[in-house]
Amino acid sequence: MTNPYLDIHPDVAQAIAQRRPVVALESTIISHGMPYPQNVATALQVEAEVRAYGAVPATIAIVKGRLKAGLTAAEIETLGQTGRSVVKVSRRDIPFIVASGSTGATTVASTMIIAAMAGIRVFATGGIGGVHRGAQQSFDVSADLQELAQTPVAVVCAGAKSILDLRLTLEYLETHGVPVVGYQTPWLPAFFTRDSEFKVDYQLDTAVDIARVMHAKWAINLHGGMVVANPIPEAFAMPRTAIDGAIEQALREAQQQGIGGKESTPFLLARVNELTGGNSLSSNIQLVLNNARLAAAVAGEYEALSASKPA
Ligand code: PSU
Ligand code: MN
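Position in the sequence shown counted from 1, then plus 138, gives you my numbering.
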């Protein structure tokens with residue numbers, strides 16, 4: 139029984155029917171996370187990387203009011219070209235964009251919702267949203283965290299950018315029962331850097347170990363997802379000092395300009411990109427590719443496990 143608002147791309151539908159691995163990919167990273175035209179090139183390259191590692195990619199967005207699990211190259215091009223003027227769609231926004239027949243880019247939260255609806259359990263992205271610095275005053279906590287608490291999708295990411303308060307983000311996830319796994323690391327990666335001062339809850343060293351935990355979690359009927367934090371490859375990691383200055387400045391500007399609500403994260407991402415120049419962009423691209431590879435491997439192991447031990 140599929141949802142009347144959902145369109146599953148034929149390649150994705152076939153893979154799901156044949157129980158082959160599928161990896162969901164988000165679209166806000168295309169429209170709001172990177173500049174054009176690198177965003178489009180990256181989105182297509184990430185899809186190719188997922189295929190090269192044995193899974194089928196399903197880039198997710200809302201196109202003309204339809205929830206899409208799997209986009210065409212032309213749809214990806216349009217989202218990338220329109221950039222930050224595409225509506226950024228989180229859980230709250232979905233019914234409005236659907237009802238008005240509009241197009242929107244999905245965040246981690248709304249990508250998880252559509253992925254789960256399509257039967258996809260693994261999702262690769264760059265960084266998740268989290269608890270913002272100063273959240274004690276602003277109450278700015280990404281809806282991504284609540285989604286992780288309730289929707290059964292494993293999100294492979296490079297941790298979270300330190301535009302966020304990583305300590306509070308971990309506390310929030312703990313409260314809501316969302317496990318944070320470090321792939322081959324005991325440390326929470328901080329996007330551009332391989333580690334932070336915070337530990338993950340569990341270190342797992344192979345894709346099959348990660349798939350086993352996913353299978354156990356969902357077979358036991360524990361709802362919600364998990365975070366699989368995969369450090370940026372050493373060769374592309376950036377010195378912490380190069381990033382920290384840009385982040386401090388972006389945060390100051392956001393405060394001076396009174397930026398809040400859904401504008402906050404895109405503003406900070408764009409300013410950090412501008413202030414750090416092309417360096418951070420190539421690191422950003424490489425970490426997403428790295429996450430796509432791990433996600434494809436995890437999806438493959440998860441399907442193999444599900445075939446032998448149906449949940
Ligand atoms: N962090 C990044 N790149 C991104 C995002 C976050 O390094 O592109 C995007 C993701 O789509 C994420 C969203 O789900 O920002 C979070 O927005 P908010 O904080 O408004 O929930
Ligand atoms: Mn927010």
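Just so it is clear, CB atoms sit at the ideal spot from N, CA and C, and this is done for glycine as well.
query, result
"Among all residues, which have a Cβ less than 7 Å from at least one non-hydrogen atom of the ligand MN, and in what chain order do they fall?", "Gly-267, His-270, Asp-278, Val-279, Ser-280, Gly-399, Lys-400, Ser-402, Thr-403"
"Just to check my reading of the structure: Asn-141 and Met-255 have Cβ atoms closer than 8 Å, yes? What is that Cβ distance to the nearest angstrom?", "6 Å"
"Quick one: does the C-beta of Ser-418 sit closer than 7 Å to a heavy atom of the ligand PSU?", "no"
"Buried or exposed for Arg-271, going by 16 or more other Cβ atoms inside 10 Å?", "buried"
"Check whether the segment 315 to 333 touches the segment 396 to 405, taking contact to mean three or more Cβ pairs, one atom from each stretch, closer than 8 Å.", "no"
"As a quick exercise: from Pro-324, Ile-348, Ala-196, Arg-350, pick the residue whose alpha carbon is nearest that of Gln-341.", "Pro-324"
"Given a cut-off of 8 Å on the beta-carbon distance, is the pair Val-294 and Asn-368 in contact?", "yes"
"Inspect the beta-carbon positions of Gly-242 and Gly-265 and report whether they are closer than 8 Å.", "no"
"Between Thr-414 and the ligand PSU, is the CB less than 7 Å from at least one heavy atom?", "no"
"Whole alpha helix (DSSP H) runs in the segment 183 to 223 with 4 or more residues, listed along the chain?", "211 to 220"
"For His-170, verify whether its CB is less than 7 Å away from any heavy atom of the ligand PSU.", "yes"
"Is the CB of Ser-402 under 8 Å away from at least one CB in chain B?", "Annotation note: the requested chain B is absent from the structure, which comprises a single protein chain."
"Reducing DSSP to helix, strand and coil, say where Thr-244 ends up.", "strand"
"Evaluate Gly-416 with the Cβ neighbour count: other Cβ atoms within 10 Å of its Cβ, from every protein chain shown; 16 or more gives buried, anything less gives exposed.", "exposed"
"Specify, as a first and last residue, the run of the alpha helix (DSSP H) that Leu-302 falls within.", "Element bounds for Leu-302: n/a, residue is neither H nor E."
"CA-CA distance, Val-227 and Gln-284?", "15 Å"
"Whose C-alpha, out of Glu-213, Ala-211, Ala-199, Arg-305, is nearest the C-alpha of Leu-253?", "Looking at the sequence shown, residue 253 is not Leu but Ala. It is Ala-199."
"Among all the DSSP beta bridges, which residues are the ones paired with Ala-367?", "Cys-295, Gly-320"
"Report buried or exposed for Thr-450, applying the criterion of at least 16 other Cβ atoms within 10 angstroms of its Cβ.", "This structure leaves residue 450 out entirely; the chain is present only between 139 and 449."
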